[in-house]
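One structure below.
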Amino acid sequence: MEVMEVSKMETLLDDTLLSVLQYVGNKDLLHCRVVCRRWRDLITHPDIWKCRSIGGGLLRLNPPSCRELSLKSWELRWFGFLASTTSTPAPCLSLHPDSDLQAVLCAVIIRHHASLGRLKKIAILDGDIFSDECLMTSAGLSELLCSIRSVEGLTCLHISIDIKRVKFDPAARSYLDFPPPSLRKLAYYSKKKALLEVLLQMYASSLREVQLYDELIITKKLAHLLVKVEHLETLQCRLFNGMELLLSSRTLKSILLHVWLEEEISPAHSSAMSFLRSATHLKRVQLDFYFDWNPDAWVIGLVKALAESGRSKVSSFVIDMRDDADFSSKDIGGCLPNLPYLQTLELLSSVSSSVLCAIQPHTAPKLTELIVWEVQGCPSCNWSKVCDMLLLNPHLKFTVKSTKRKPSCDSCKTVGREGFPKTVFRMSSQNVHKRL
Numbered sequence: 001m002e003v004m005e006v007s008k009m010e011t012l013l014d015d016t017l018l019s020v021l022q023y024v025g026n027k028d029l030l031h032c033r034v035v036c037r038r039w040r041d042l043i044t045h046p047d048i049w050k051c052r053s054i055g056g057g058l059l060r061l062n063p064p065s066c067r068e069l070s071l072k073s074w075e076l077r078w079f080g081f082l083a084s085t086t087s088t089p090a091p092c093l094s095l096h097p098d099s100d101l102q103a104v105l106c107a108v109i110i111r112h113h114a115s116l117g118r119l120k121k122i123a124i125l126d127g128d129i130f131s132d133e134c135l136m137t138s139a140g141l142s143e144l145l146c147s148i149r150s151v152e153g154l155t156c157l158h159i160s161i162d163i164k165r166v167k168f169d170p171a172a173r174s175y176l177d178f179p180p181p182s183l184r185k186l187a188y189y190s191k192k193k194a195l196l197e198v199l200l201q202m203y204a205s206s207l208r209e210v211q212l213y214d215e216l217i218i219t220k221k222l223a224h225l226l227v228k229v230e231h232l233e234t235l236q237c238r239l240f241n242g243m244e245l246l247l248s249s250r251t252l253k254s255i256l257l258h259v260w261l262e263e264e265i266s267p268a269h270s271s272a273m274s275f276l277r278s279a280t281h282l283k284r285v286q287l288d289f290y291f292d293w294n295p296d297a298w299v300i301g302l303v304k305a306l307a308e309s310g311r312s313k314v315s316s317f318v319i320d321m322r323d324d325a326d327f328s329s330k331d332i333g334g335c336l337p338n339l340p341y342l343q344t345l346e347l348l349s350s351v352s353s354s355v356l357c358a359i360q361p362h363t364a365p366k367l368t369e370l371i372v373w374e375v376q377g378c379p380s381c382n383w384s385k386v387c388d389m390l391l392l393n394p395h396l397k398f399t400v401k402s403t404k405r406k407p408s409c410d411s412c413k414t415v416g417r418e419g420f421p422k423t424v425f426r427m428s429s430q431n432v433h434k435r436l
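Structure below.
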């Protein structure tokens, strides 16, 4: 009697195959469906799909779950009806409408997935059109906003569309019986202020985090609306004139400020210094700088303002400079003693070794983590300074993020002195003792 051989693949358990198939791409997963009946059944398992972002074409397979449903403008034309009737619940919807008709279709899709009970995040992004402005009008956007406002349990909203005029008043549609606002995070990446004003009014009672486009100019009206957000904890925005208004928001714990070098930003820079000088309730501060030349005066001015009160409770401080700007000022060491609660310091730029020497137990007693992009100069010459800093601060962990390998100076090459590792590394005093 002829004995059939059993392949090694067939001896694998279902759990093992499921673990492997989770790492297979969406297109390859479609090919795996036709291998055999066993694989076809395994590919319909919820564990395969729950972490996947799918498009409209995969809805034809009717997957049991997904992490995100993303529909481009052209997919809305072809698979919009399928997305509005599918039984696949999506916790996150990413939609790209480019007209009023597609906006109404997106509204239907949002209401349908809200009825499935898992919708928590919605992203409305620019459609795939070759235009500087969205073709959607106020009528289409009002229908879209109405459907978003009707979602119960929505926690995150991402808006990235440019539309000048918005006419939407939730009070005028009281007959729709909107649920209580539940939105916690609003990410708004557009230069147009009209839509942002409406959203801040709609969700003022529930918002915890607001992220604004780094080129959006904050007016006094917007500043007053931000202050009216009752439980605002995290804010990301550009410097603006009148930042002192934010001092009345005592719930604000974390702020990220985008700093642009322009003539009209000078009043905003002074206002930001006044705000940082008085905002003793902040826990995390991040400064992002957008210019190429060495901005030491600007950086130190804002850092000194944060430390001047002597009562700052900041535990995490981040300075992010673009275009590999150098950070060589020694004044950072003088500011550290006035930040007694500082635990994490990130200098995402090229820092001078003098900054490392300023890290002392008496200047930063609670500092446990120092992160830099790279250290200026010869890596071999600076290696001893890094070791000394870690030995003086036994609880400190030091991280260099840059993978760029700098050459050593001629004297270090001659002696054969040891330098930084070739890859991103993280070191503490224990590692230094081992290497020594």
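So that you can map any letter, position 419 of the sequence shown is 419 in the UniProt record's numbering, and since no number is skipped, the others follow by simple counting. Cβ atoms here follow ideal geometry from the backbone N, Cα and C, with glycine treated the same way.
Check	Outcome
In angstroms, rounded to a whole number, what distance separates the CA positions of residue 231 and residue 247?	13 Å
Compute the beta-carbon to beta-carbon distance between residue 190 and residue 217, rounded to the nearest angstrom, for a pair I have assumed lies under 8 Å.	That pair is no contact at about 12 Å.
Throw me the rounded Cβ distance for the residue 185 and residue 209 pair, which I believe falls under 8 Å.	4 Å
What is the DSSP secondary structure of residue 14, counted as helix, strand or coil?	helix
Enumerate, from N- to C-terminal direction, the unbroken beta strand (DSSP E) stretches of 3 or more residues contained entirely within the stretch 34 to 74.	68 to 71
With a threshold of 6 Å on Cβ separation, who are the neighbours of residue 196 within its own chain once the five nearest residues in sequence on each side are excluded?	188
Check residue 92 in the structure and name its three-state DSSP category.	strand
Please specify which runs of the alpha helix (DSSP H), each continuous and at least 4 residues long, are wholly inside the stretch 340 to 397, giving them in chain order.	353 to 357 and 379 to 392
From residue 443 to residue 22, what does the alpha carbon distance come to, in whole angstroms?	The structure shown has nothing for residue 443, since the chain only spans 1 to 436.
Return the residue from the list 102, 94 and 67 that minimises the CA-CA distance to residue 81.	102
Who does residue 209 pair with in a DSSP beta bridge?	185 and 234
Report yes or no: do three or more beta-carbon pairs, one from the stretch 137 to 153 and one from the stretch 82 to 91, lie closer than 8 Å?	no
Do you know how far the Cα of residue 227 is from the Cα of residue 353?	41 Å
Check residue 273 in the structure and name its three-state DSSP category.	helix
How about residue 257 and residue 237: are their beta carbons less than 8 Å apart?	yes
When the distance is taken between beta carbons, is residue 73 closer than 8 Å to residue 98?	yes
Determine the extent of the beta strand (DSSP E) in which residue 320 is found, giving its start and end residues.	316 to 321
Where does residue 102 fall in DSSP's three states?	helix
Cα separation between residue 130 and residue 162?	Annotation note: pLDDT 43 at residue 130 (below 50); position unreliable, no value reported.
Taking residue 307 and residue 335 to be in contact with their CB atoms under 8 Å, please state how far apart those CB atoms are, rounded to whole angstroms.	4 Å
May I ask you to list the residues that DSSP assigns as paired with residue 204?	Residue 204 is not bridged to any residue.
Could you give the distance in angstroms between the alpha-carbon of residue 183 and the alpha-carbon of residue 409?	55 Å
Would you identify the three-state DSSP class for residue 335, choosing helix, strand or coil?	helix
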